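Written below as structure tokens is the structure these notes are about.
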Amino acid sequence: MPRLLTYNVHRCLGVDKRLDVARIAAVIAEHEPDIVCLQELDVRRARTGHVDQCAELAERLAMAFHFNPAIAVESEQYGDALLTPWPETLVKKGPLPTVRGIPGLEPRGAVWAAIEIGGARLNVVNTHLGLVPREQRLQAAALISRDWLGGPQGAGPTILCGDFNATSITRPYQTLVRKLDDAQRRLGLKPSLKTFPSSFPAIRIDHVFVSPQIRVTGAKVPASPLARVASDHLPLIVDFEIEQDAAA
-7 MPRLLTYNVH
3 RCLGVDKRLD
13 VARIAAVIAE
23 HEPDIVCLQE
33 LDVRRARTGH
43 VDQCAELAER
53 LAMAFHFNPA
63 IAVESEQYGD
73 ALLTPWPETL
83 VKKGPLPTVR
93 GIPGLEPRGA
103 VWAAIEIGGA
113 RLNVVNTHLG
123 LVPREQRLQA
133 AALISRDWLG
143 GPQGAGPTIL
153 CGDFNATSIT
163 RPYQTLVRKL
173 DDAQRRLGLK
183 PSLKTFPSSF
193 PAIRIDHVFV
203 SPQIRVTGAK
213 VPASPLARVA
223 SDHLPLIVDF
233 EIEQDAAA
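Note that the sequence shown covers residues -7 to 240 in this note's numbering.
Quick look at the structure:
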């Protein structure tokens, strides 16, 4: 049964202010995911010792990866990645819309791969939305538009996940659930699984959304002592099956 893990790793900087890529890798590896979607990775940035965090995590996990730099300044990059040991093809990566005239907004993006798993082609999109509601609404609308999952390539079994910086009562969330189902809602989880902040998770802003061809079989948020310190978010894990008619 395939397993997806989505995780905002906070550039591998723990709540103890220690940079530790190996610690993040250990949190992930403990749960043996088939698909790993990571947000807030630094690649060759001075502030994190010029380490390519994406490549190092992929090597430690023995996975291939696709990285989308939301921010790129010369050789320094910052963004999101999708990792898997399964056969995969990059479908798209790139920026999401932003709002002009608001100082301090970071560029945001998404990365989309088609993964061959269980005899089926599975679309997986990993993203990290902005902090301003107006910006989030534009970004959510873009993700379900023809430019992304609303186009012909978005047909079939699909998972959209990441850090949406938005709870389930917000308009960006409501936009996304018009096209895809919230994996936690599919399971009827009460109370819901929360991921932020890692030391005392009280807010649900990390989500996994699935298409009708995905059967969600389980979900959990690891809260081990290691996970609570490795990043300011906890990982969200979803187990699933691809319906047989979709794999045919």
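For each residue, glycine too, the CB sits at the ideal point set by N, CA and C.
Owing to the predicted nature of the structure, the values given are computational and were not obtained by experimental measurement.
Problem - Backbone secondary structure at residue 148 - three-state DSSP - result: Here residue 148 is taken as the residue at index 156 of the sequence shown, counted from 1. Residue 148 falls in the coil class under three-state DSSP.
Handout entry: Paired residues, beta bridge with residue 206 - DSSP
Key = As a position in the sequence shown, residue 206 is number 214, starting the count at 1. DSSP, once it has assigned bridges, lists 234 as partnering residue 206.
Exercise for the section: Would you mind stating whether residue 289 and residue 7 have Cβ atoms separated by less than 8 Å? Expected result: Lying outside -7 to 240, the shown extent of the chain, residue 289 is not represented and no answer is given.
Handout entry: First and last residue of the uninterrupted alpha helix (DSSP H) at residue 74
Key = Counting from one through the sequence shown, the residue named residue 74 turns up at place 82. Element bounds for residue 74: not the alpha helix (DSSP H) but the beta strand (DSSP E), 68 to 76.
Exercise for the section: Drop a sphere of 10 angstroms on the beta-carbon of residue 69, count the other beta-carbons inside from all chains shown, and report buried for 16 or more, exposed for fewer. Expected result: Translated into positions along the sequence shown, residue 69 becomes position 77. Result: buried.
Handout entry: residue 240 - DSSP class collapsed to helix/strand/coil
Key = Translated into the one-based positions of the sequence shown, residue 240 becomes position 248. Interpretation of residue 240 is limited by its pLDDT of 47, a score under 50 that renders its predicted location unreliable; the figure taken from the coordinates is listed afterwards. Residue 240 falls in the coil class under three-state DSSP.
Practice task
From the DSSP output, in three-state form, read off residue 124 for me.
Solution key: Here residue 124 refers to the residue found at position 132 of the sequence shown. Coil.
Exercise for the section: Answer yes or no: do residue 260 and residue 196 have a C-beta to C-beta separation smaller than 8 Å? Expected result: Since the first residue of the chain shown is -7 and the last is 240, residue 260 is not available in this structure.
Handout entry: Length at least 3, wholly inside the segment 25 to 103: the beta strand (DSSP E) runs in chain order
Key = 27 to 35, 56 to 65, 68 to 76 and 80 to 87
Problem - Rounded straight-line distance, which links the Cα of residue 237 to that of residue 275 - result: The requested residue 275 is not part of the displayed model; the chain covers only -7 to 240.
Practice task
Please classify residue 206: is it buried, with 16 or more other beta-carbons within 10 angstroms of its beta-carbon, or exposed?
Solution key: Here residue 206 refers to the residue found at position 214 when the sequence shown is read from its first residue. With 16 or more other Cβ atoms within 10 Å, it is buried.
Exercise for the section: Find out if the Cβ-Cβ distance for the pair residue -2, residue 157 is shorter than 8 Å. Expected result: Position 6 of the sequence shown, counting from 1, holds the residue named residue -2. Position 165 of the sequence shown, counting from 1, holds the residue named residue 157. No.
Exercise for the section: Leaving out five residues on either side along the sequence, give the residues of the same chain with a beta carbon under 8 Å from the beta carbon of residue 211. Expected result: Counting from 1 along the sequence shown, the entry for residue 211 is found at position 219. Around residue 211: 175, 176, 179, 181, 185, 200, 228, 229, 230 and 231.
Exercise for the section: Using the Cα positions of residue 80 and residue 108, report the straight-line distance between them to the nearest angstrom. Expected result: Here the question's residue 80 lines up with position 88 in the sequence shown. Here the question's residue 108 lines up with position 116 in the sequence shown. Cα to Cα, the separation comes out at about 6 Å.
Handout entry: Close-in-space but distant-in-sequence residues of the same chain around residue 46 (CB under 7 Å, 5 per side omitted)
Key = Taking the sequence shown and counting its residues from 1, one reaches residue 46 at position 54. So the qualifying residues of the chain are 33, 35, 57, 59 and 73.
Practice task
Work out the CA separation of residue 202 and residue 122 for me, nearest whole Å.
Solution key: As a first step, residue 122 is located in the sequence shown; it is residue number 130 there, counting from the start. As a first step, residue 202 is located in the sequence shown; it is residue number 210 there, counting from the start. When rounded, the distance between both Cα atoms is 21 Å.
Exercise for the section: Out of 111, 151, 145 and 95, point me to the one whose CA is closest to residue 124's CA. Expected result: Along the sequence shown, read from residue 1 onward, the residue named residue 124 stands at position 132. Here the closest residue by C-alpha is 95.
Handout entry: Integer-rounded CB distance, given that residue 140 should sit under 8 Å from residue 102
Key = Within the sequence shown, numbered from 1, the residue matching residue 102 stands at position 110. Within the sequence shown, numbered from 1, the residue matching residue 140 stands at position 148. At roughly 7 Å, the Cβ-Cβ gap stays under 8 Å, so residue 102 and residue 140 are in contact.
Problem - Nonlocal neighbours in the same chain, by C-beta distance under 7 Å from residue 189, ignoring five residues either side - result: Within the sequence shown, residue 189 is the residue found at index 197, counting from 1. Cβ within range, chain order: 224.
Exercise for the section: Please work out which residues of its chain come closer than 6 Å, Cβ to Cβ, to residue 187, disregarding the five sequence neighbours upstream and downstream, and give them in chain order. Expected result: For this step, residue 187 is matched to residue 195 along the sequence shown. 193, 198, 213, 225, 226 and 228.
Handout entry: Helix, strand or coil at residue 200 according to DSSP, with G and I counted as helix
Key = Locating residue 200 in the sequence shown gives position 208, counting from the first residue. Of the three classes helix, strand and coil, the one that applies to residue 200 here is strand, per DSSP.
Handout entry: Contacts around residue 222, its chain only, beta-carbon distance under 6 Å, and the 5 residues preceding and following it disregarded
Key = Along the sequence shown, read from residue 1 onward, the residue named residue 222 stands at position 230. Within the same chain, residue 222 has close Cβ partners 6, 15, 16 and 19.
Problem - Span separating the alpha-carbon of residue 150 from that of residue 106 - result: The count along the sequence shown starts at 1 and reaches residue 150 at position 158. The count along the sequence shown starts at 1 and reaches residue 106 at position 114. Spanning the two alpha carbons is a distance of roughly 9 Å.
Problem - Those residues which DSSP pairs with residue 228 across a bridge - result: The sequence position of residue 228 within the sequence shown is 236, counting from 1. Its beta-bridge partners are -2.
Problem - residue 204 to residue 38 span [Cα, whole Å] - result: Counted from its first residue, the sequence shown places residue 204 at position 212. Counted from its first residue, the sequence shown places residue 38 at position 46. Their Cα atoms are separated by approximately 43 Å.
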